[in-house]
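Protein chains in written order, with full-length UniProt numbering: chain A, 1 to 488; chain B, 1 to 218.
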């Protein structure tokens, strides 16, 4: 059963029940009031009637001049009173010792045992009398009885009035009330179903939205409107969807970059392999190979094998950088630069490039081997970008809470797009130039990884034709835990 | 002889392919840039394009889409082994797909198949008085018809298409019997001996120890 069905049925049942009870209560109250008024009226009439009989008796006594009535006189007066009553509306009867003496308009047996038993005691003007409402078929009568003491004899006087009218009225009112109740139920049902569905409609919307999100439309956001509960629900769902989306994107990003890395690696390995295998195969299957051809073919094989060697070396470095924990030590930057100069300056000098360095006794907390590898790669890159006669500069300055190392060249530089992608694994601005220089496209990716492990910021400032400076801002205190981020 | 354009950005691979193709006498041009390749294909009249998928500027798929109307057959060369890429290339209309690295003879065999399919290949092969008509499946030596079984015919054709190239038994088996063939290399030897005997190729179709066979030009 749907929620709105439940709410609808409960509300409708409650409303109908309360209207029903109220109407019944009102009808019953009105009826009781009418019955009690009719009872009062009957009592009044009864007492009026009995007073009439007494006055007739007294009149007869006065007329005869005797203090007592003669035998049968009282009874004739009673018969006369009954005869007078016969033309009226109400009925009456008089009994003496259980024997009926006179009666008029009596529609029911008045002196039956059950009737007398069910009568209730009432008092009117100091006189005791009794009343009962008697049902006879579909007719109702109110019967009033009292004792008439006449000349030492006890007479019982009964008067009867018909009450069928008010019972009929009550039945009619009840029917009206039922009719009204039916109509009310229908109208109520219509209004309720409209109102409830309208109130619950945001629930359906939220539900559909969650369904879509669950099916993978993580970018979907719910409309944050409706009553407060629904607004909060929508907000929470949106917050959830946002975090799911971010996580999915992050994981997708990692998966994508891994796949990209593998694809690139496969390409980078297969390209030299293709040349090696192809030329080796030619040397094997050709019947005659000229000296020139042999030199050319084997030259390519050696060159491409070296390329593979570089690639595997860089991959090793990257793997080591990915898994090793930095072994932090306080390094003297002066000393570090001097060591770099010692190993690299001769290599650079062969290409006609001068390596300069400047520092003023800064101290750096970092892994010695990793930082050297970092600087080696950066200086190598700088040298590759430079022409003969140009310089490469290593320098160090102290920043706010950081030690900034930088490697500058005044070579060909890079455009903005290249700078943005420079740290991607296997990204090469100029493939043929990179290959000629024995590059594998992994140097800067390695540098970025090493920087990341040290919690250092790597920033590249470059413009085409104006050279490049790579800044490395190392924090003075290294991060407590080495960054375990995913690397590619 | 057919004219082939090699679109490949790696200089050494391009040189290797060129050396391989010129070994059997194809004329080749090289091109390392995507848009330059499109221009040259549309303007030129190449019989076949060897197209690298990963190229700077414009990738192989894009080039293929652009030159489709020209109708020049294309064989893809790629380092990617993704089945999706393979299907994509073939669906775009490539004739074949070779995954790097590849052997020289495999490349030549694939090229031969594609050229024959597109009728730009050799219809007749000649070697020292032997004439092979590829369409009629007829072999004559000095004007006299030599009867050969279909497999012997295939073996002879394969050697004549690769004169002076050493052919390994595995290569021959793959080319004639298919890669699934699980027979012994003895089968290959018997067929080669039959061809040698029927066409009197002793001293020309030579056995190279530890390698295979080679049909040598004089």
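Every residue, glycine too, gets a C-beta built ideally from N, C-alpha and C.
In chain order, 101, 102, 103 make up the part of chain B whose C-beta sits under 8 Å from the C-beta of residue 277 of chain A. Across the structure, residue 449 of chain A and residue 45 of chain B are spaced so that their CA atoms are roughly 50 Å apart. Chain B has no Cβ within less than 9 Å of the Cβ of residue 252 of chain A.
Residue 158 of chain A is positioned such that its CB atom lies no closer than 9 Å to that of residue 59 of chain A. Around the Cβ of residue 314 of chain A, a 10 Å sphere holds 16 or more other Cβ atoms; the residue is buried. Between residue 428 of chain A and residue 439 of chain A, the CB-CB gap stays under 9 Å. Secondary structure at residue 177 of chain B: helix, using DSSP grouped into helix, strand and coil.
Beta-bridge annotation (DSSP): residue 141 of chain A is paired with A:134, A:162. Here residue 130 of chain A is near residue 122 of chain A, since their CB atoms are less than 9 Å apart.
Beta-carbon to beta-carbon, residue 275 of chain A and residue 160 of chain B are separated by about 28 Å, too far to satisfy the 8 Å threshold. With its beta carbon at least 9 Å from every one in chain A, residue 160 of chain B lies outside the interface.
The DSSP-derived three-state label of residue 192 of chain B is helix. A contact between stretches requires three or more CB pairs, one per stretch, nearer than 8 Å, and the segment 188-208 of chain B meets this requirement with the segment 148-156 of chain B. Taking 7 Å as the Cβ-Cβ cut-off, the UniProt domain "OmpR/PhoB-type" (122-217) of chain B approaches chain A at 164, 165, 166, 214, 216, given in chain order. A distance below 9 Å separates the beta carbons of residue 354 of chain A and residue 345 of chain A. In the DSSP assignment, residue 424 of chain A falls outside any alpha helix (DSSP H) and carries neither an H nor an E.
Residue 403 of chain A and residue 474 of chain A have their C-alpha atoms some 5 Å from each other.
For residue 395 of chain A, the beta-bridge partners assigned by DSSP are A:358, A:406. Taking a C-beta cut-off of 9 Å against chain B, the contacting residues of the segment 262-274 of chain A are 263, 266, 267, 268, 269, 270, 271, 272, 273, 274, listed in chain order. In this structure, the beta-carbon distance from residue 422 of chain A to residue 460 of chain A falls below 9 Å.
Residue environment for residue 65 of chain B: exposed (fewer than 16 other C-beta atoms within 10 angstroms of its C-beta). Within the segment 6-22 of chain B, the residues whose Cβ lies closer than 8 Å to some Cβ of chain A are 9, 10, 11, 12, 13, 15, 16, 17, 19, 20, listed in chain order. The beta-carbon of residue 310 of chain A is placed no less than 9 Å from the nearest beta-carbon of chain B. In the displayed model, residue 109 of chain B falls within a helix according to three-state DSSP. Listed in chain order, the positions of the segment 54-67 of chain B with a beta carbon within less than 9 Å of a beta carbon of chain A are 54, 56.
At a beta-carbon threshold of 7 Å, the residues of chain A lying near residue 79 of chain B are 266, 267, 270, 271, ordered along the chain. Within chain B, the residues placing a beta-carbon under 7 Å from that of residue 284 of chain A are 166, ordered along the chain. In this structure, the CA atom of residue 226 of chain A is about 23 Å from the CA atom of residue 10 of chain A. For residue 269 of chain A, there is no enclosing beta strand (DSSP E); the residue is found in the alpha helix (DSSP H) stretching over 228-285.
Counted as a single uninterrupted DSSP element, the stretch harbouring residue 2 of chain A is not any alpha helix (DSSP H), since DSSP gives it neither H nor E.
In this structure, residue 140 of chain A lies near residue 162 of chain A, with their beta-carbon atoms less than 9 Å apart. Among the CB atoms of chain B, none fall inside 9 Å of the CB of residue 367 of chain A. Here the alpha carbon of residue 171 of chain A sits roughly 20 Å from the alpha carbon of residue 184 of chain A. Sixteen is the threshold: when 16 or more other Cβ atoms of the shown chains lie within 10 Å of the Cβ of residue 447 of chain A, as they do, the residue is buried.
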